[in-house]
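Asker: Using our numbering, the first residue of the sequence shown is number 1, and each one after it goes up by one. The beta-carbon is built from N, C-alpha and C at its ideal position, and this holds for glycine as well.
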Amino acid sequence: MKFITSYFSGLISALKNIKILLVIYFIAFILALIIASAFKSAIANATGSSMALLTMLKDFDYSTYSNFMHLFRDTISPLIKVAFLFGIFYSIFSIFFSGGIISKLCKKSGRTSLSIFWADSWTYLWRFLRLFFYVLILQIIVALLVYLPVGAIIGSIGDSVQSEATYFYIVLTGIIIHLFLITILVLVSDYAKIMIVNNESFRPFRTMLRAFAFVFRHFFSVYSLNILYILTGVLLFIVYFFLDDKIGMTSGFTIFLMFLIQQLFIICRLFLKISIYGGEVALVKKIS
1 MKFITSYFSG
11 LISALKNIKI
21 LLVIYFIAFI
31 LALIIASAFK
41 SAIANATGSS
51 MALLTMLKDF
61 DYSTYSNFMH
71 LFRDTISPLI
81 KVAFLFGIFY
91 SIFSIFFSGG
101 IISKLCKKSG
111 RTSLSIFWAD
121 SWTYLWRFLR
131 LFFYVLILQI
141 IVALLVYLPV
151 GAIIGSIGDS
161 VQSEATYFYI
171 VLTGIIIHLF
181 LITILVLVSD
191 YAKIMIVNNE
201 SFRPFRTMLR
211 AFAFVFRHFF
221 SVYSLNILYI
231 LTGVLLFIVY
241 FFLDDKIGMT
251 SGFTIFLMFL
261 IQQLFIICRL
271 FLKISIYGGE
281 VALVKKIS
């Protein structure tokens, strides 16, 4: 089937672009290191000799966490704001590199220098940012369309419900529908990016509408490919949490070991992201 061959094509594409993957990883690592160092200094100066962080490092304890946040709220609150701003910056960072990655994957020639990769990233940044905001607006609309009816249903049944399980299943149904619709929007965003690069389109909104048509016209292949990559990501997280549970972070050595494992899994996530783009590009070529 086309989605299966596209899945493996995506993995091969990621293998062929290890250089780009490592460049993105090291840039992200340096940025994260700068933020982590600032956070560490601020928290260390505020907490002093407090053992709360070491206690939570071994195993999460809500009481310890609650006391920690109560005592050091004035220190933590500005850091949360900085983390939020960094999250926005990281989103732009990801959008920036997606242009270079997709452009590299769409080109027939396998020879692409890093300078061309940087140039392509800049070339598509504004168009991809506009596409991001269009999709973000749609995500907000989808959330309202899902959760407003859920809230109305819960409000209407009121005291007639005899078990809290009913509320749980209503909310769970809403969450499942929301997650499904979000995956559709993510797929539309990905295929719109590919179309922008392939067709050199300067109209992201119109291209997004074309991507909607493409996704629904080839829904089985598109969504099946997406499920394969989701299962791959879930498998990676299962392996990570298994290692985290077995190794733990109770000494200097185990902390260092888990740090190395975490970095390896970050690289695996980047590899998977490039594989997803590679698989989607391959599927577009096979279907077109």
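Go to Arg217, then tell me how far its alpha helix (DSSP H) extends in each direction, as first and last residue.
Answerer: Per DSSP, Arg217 belongs to the alpha helix (DSSP H) from Pro204 to Arg217.
Asker: So the candidates are Leu283, Arg203, Ala32 and Ile24; which of them puts its Cα closest to the Cα of Leu129?
Answerer: Residue Arg203 is the option with its Cα nearest to Leu129.
Asker: Answer with buried or exposed for Gly10, where buried requires no fewer than 16 other C-beta atoms within 10 angstroms of its C-beta.
Answerer: So Gly10 counts as buried.
Asker: Is it the case that the region 211 to 229 contacts the region 245 to 252, given that we only count it when at least three CB pairs across the two stretches are under 8 Å?
Answerer: Verdict: no, contact absent.
Asker: Does DSSP classify Ser251 as helix, strand or coil?
Answerer: If DSSP states are grouped into helix, strand and coil, Ser251 belongs with coil.
Asker: Within its chain, find whatever has a CB closer than 6 Å to the CB of Leu138; leave out the 5 residues flanking it on each side and keep chain order.
Answerer: Taken in chain order, the residues that qualify are Leu185.
Asker: Does the distance from the C-beta atom of Phe271 to that of Ala32 stay below 7 Å?
Answerer: No, the Cβ-Cβ distance between Phe271 and Ala32 is not below 7 Å.
Asker: Leaving aside the five residues before and after Val135 along the sequence, list all residues of the same chain whose C-beta is less than 6 Å from its C-beta, in chain order.
Answerer: Taken in chain order, the residues that qualify are Leu185 and Ser189.
Asker: Do you know how far the Cα of Gly233 is from the Cα of Tyr90?
Answerer: Taking the straight line from one Cα to the other gives about 20 Å.
Asker: Any idea if Ser121 is buried or exposed, counting beta-carbon neighbours within 10 angstroms, 16 or more meaning buried?
Answerer: So Ser121 counts as buried.
Asker: Suppose you measure from the CA of Ile157 to the CA of Leu172; what does that come to, to the nearest Å?
Answerer: Between Ile157 and Leu172, the C-alpha separation is close to 16 Å.
Asker: I need the straight-line Cα distance from Ile101 to Tyr25, nearest angstrom please.
Answerer: Answer to the nearest angstrom: the Cα atoms are 13 Å apart.
Asker: In this structure, does DSSP put Ser288 in helix, strand or coil?
Answerer: Coil.
Asker: Could you give the residue range of the alpha helix (DSSP H) that holds Met195?
Answerer: Its alpha helix (DSSP H) spans residues Glu164 to Asn199.
Asker: Report the rounded CA-to-CA distance for Ala282 versus Tyr223, giving the unit in angstroms.
Answerer: Taking the straight line from one Cα to the other gives about 14 Å.
Asker: When the distance is taken between beta carbons, is Val142 closer than 7 Å to Gly174?
Answerer: Going by C-beta atoms, Gly174 is not nearer than 7 Å to Val142.
Asker: Measure the C-alpha to C-alpha separation of Ala36 and Tyr191 and round it to an integer number of angstroms.
Answerer: Going by the C-alpha atoms only, they are around 34 Å apart.
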